[in-house]
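Respectively, the protein sequence lines represent chains A and B.
The first sequence begins at -1 in my numbering and counts up by one.
The second sequence begins at 601 in my numbering and counts up by one.
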Amino acid sequence: AQTVTQSQPEMSVQEAETVTLSCTYDTSESDYYLFWYKQPPSRQMILVIRQEAYKQQNATENRFSVNFQKAAKSFSLKISDSQLGDAAMYFCAYVGSGGYQKVTFGTGTKLQVIP
Amino acid sequence: DVKVTQSSRYLVKRTGEKVFLECVQDMDHENMFWYRQDPGLGLRLIYFSYDVKMKEKGDIPEGYSVSREKKERFSLILESASTNQTSMYLCASSPGQASSYEQYFGPGTRLTVT
Chain A
-1 AQTVTQSQPE MSVQEAETVT LSCTYDTSES DYYLFWYKQP PSRQMILVIR QEAYKQQNAT
59 ENRFSVNFQK AAKSFSLKIS DSQLGDAAMY FCAYVGSGGY QKVTFGTGTK LQVIP
Chain B
601 DVKVTQSSRY LVKRTGEKVF LECVQDMDHE NMFWYRQDPG LGLRLIYFSY DVKMKEKGDI
661 PEGYSVSREK KERFSLILES ASTNQTSMYL CASSPGQASS YEQYFGPGTR LTVT
């Protein structure tokens, strides 16, 4: 079974600074997708960024980028120029490319942005 | 934009009551999911459905059942609510095969069982 581990329950960052959230996963599959989702306080969870395992290039979405290390099974999220609106729970997630798209989520990292 | 709605944001029920949580999506997605979110445990999959009238157990199906009579609607049923089912319940949907695998979430229902 696949597992996703987020070892940082809480993190904080100063506004305008850079922060990196960690995620490791365990799988025997070779083809899969990895995601970072953001859940702001009392708001709906939304997708931040997605990485296909077959792509060597790290995904980037504006201020958000990932460091995908397939051999190490590591998938960290870097937030640059942190803003107050980045404060949220962040969940790392894994889904295999076959089957019924069952997603495995990590336990989440609560990010606090300090003005 | 994809919209996933849940019937209630907050719900308070008594132990032993039958509880229905409703979820509706408006993007013709094949897949729908029910998760339970608890602090320190992340999201845990209760049930999912990949087609009308089709369902699969997730990681924690005990004490729950589901119904999907129409493609856009996926219901979670607590047959006899218990206090350990007090939690946040999230519904999600995603397109079928050969898609981006992105899940679209509803706002959640915070259920309290007393």
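Note that CB positions come from ideal geometry on N, CA and C, so glycine has one too.
Grouping DSSP H, G and I as helix and E and B as strand, with all else coil, what is residue i?
i, result
"residue 696 of chain B", "coil"
"residue 75 of chain A", "strand"
"residue 683 of chain B", "helix"
"residue 642 of chain B", "strand"
"residue 83 of chain A", "helix"
"residue 660 of chain B", "coil"
"residue 713 of chain B", "strand"
"residue 6 of chain A", "coil"
"residue 636 of chain B", "strand"
"residue 54 of chain A", "coil"
"residue 24 of chain A", "strand"
"residue 609 of chain B", "coil"
"residue 94 of chain A", "strand"
"residue 60 of chain A", "coil"
Name the residue from the options whose alpha carbon lies nearest to the alpha carbon of residue i.
i, options, result
"residue 650 of chain B", "B/711, B/712, B/707 and B/694", "B/694"
"residue 676 of chain B", "B/645, B/696, B/701 and B/640", "B/645"
"residue 616 of chain B", "B/608, B/654, B/663 and B/622", "B/663"
"residue 690 of chain B", "A/13, A/78 and A/43", "A/43"
"residue 110 of chain A", "A/58, A/84, A/59 and A/95", "A/84"
"residue 87 of chain A", "A/39, A/16, A/47 and A/55", "A/39"
"residue 90 of chain A", "B/628, B/672, B/611 and B/641", "B/641"
"residue 33 of chain A", "B/684, B/701 and B/685", "B/701"
"residue 70 of chain A", "A/77, A/8, A/59 and A/22", "A/22"
"residue 78 of chain A", "A/55, A/49, A/2 and A/62", "A/62"
"residue 3 of chain A", "A/16, A/17, A/10 and A/25", "A/25"
"residue 68 of chain A", "A/17, A/58, A/54 and A/59", "A/54"
"residue 8 of chain A", "B/608, B/639 and B/711", "B/639"
Might you give, ordered along the chain, the residues of its own chain that have their beta carbon closer than 6 Å to the beta carbon of residue i, omitting 5 neighbours on each side?
i, result
"residue 633 of chain B", "648 and 692"
"residue 659 of chain B", "644 and 645"
"residue 613 of chain B", "619, 681 and 713"
"residue 12 of chain A", "112"
"residue 66 of chain A", "49, 56 and 73"
With residue i and residue j assumed to form a contact (beta carbons below 8 Å), what rounded beta-carbon distance in angstroms separates them?
i, j, result
"residue 75 of chain A", "residue 64 of chain A", "6 Å"
"residue 30 of chain A", "residue 51 of chain A", "5 Å"
"residue 604 of chain B", "residue 704 of chain B", "5 Å"
"residue 707 of chain B", "residue 606 of chain B", "6 Å"
"residue 626 of chain B", "residue 656 of chain B", "Their Cβ separation, rounded to whole angstroms, is 23 Å, which puts residue 626 of chain B and residue 656 of chain B out of contact at 8 Å."
"residue 105 of chain A", "residue 0 of chain A", "Not a contact, Cβ separation roughly 14 Å."
CB-CB under 8 Å to residue i, same chain, minus the five flanking residues each way: which ones, in chain order?
i, result
"residue 139 of chain A", "Residue 139 of chain A lies beyond the stretch modelled for chain A, which goes from -1 to 113, so this question has no answer here."
"residue 653 of chain B", "668 and 669"
Excluding the 5 residues preceding and the 5 following residue i in the sequence, name in chain order all residues of the same chain whose CB lies nearer than 7 Å to its CB.
i, result
"residue 665 of chain B", "677 and 679"
"residue 630 of chain B", "650, 651, 695 and 696"
"residue 661 of chain B", "646 and 647"
Applying a beta-carbon distance threshold of less than 8 Å, which residues of chain E neighbour residue i?
i, result
"residue 690 of chain B", "Looking for chain E here will not work: the only protein chains present are A and B."
Any C-beta of chain B within less than 8 Å: which residues of the segment 42 to 75 of chain A qualify?
42, 43, 44, 45 and 48
If you measure beta-carbon to beta-carbon, which residues of the segment 99 to 112 of chain A are closer than 7 Å to chain B?
When CB distances to chain B are screened at a threshold of 7 Å, the residues of the segment 99 to 112 of chain A falling below it are 99, 100, 101, 103, 104, 105 and 106, in chain order.
Could you please tell me which residues of the segment 620 to 648 of chain B, in chain order, have their CB closer than 7 Å to any CB of chain A?
Listed by position along the chain: 631, 640, 641, 642, 643, 645 and 648.
With 7 Å as the C-beta to C-beta threshold (strictly closer), list the residues of the segment 81 to 96 of chain A near chain B in chain order.
89 and 93
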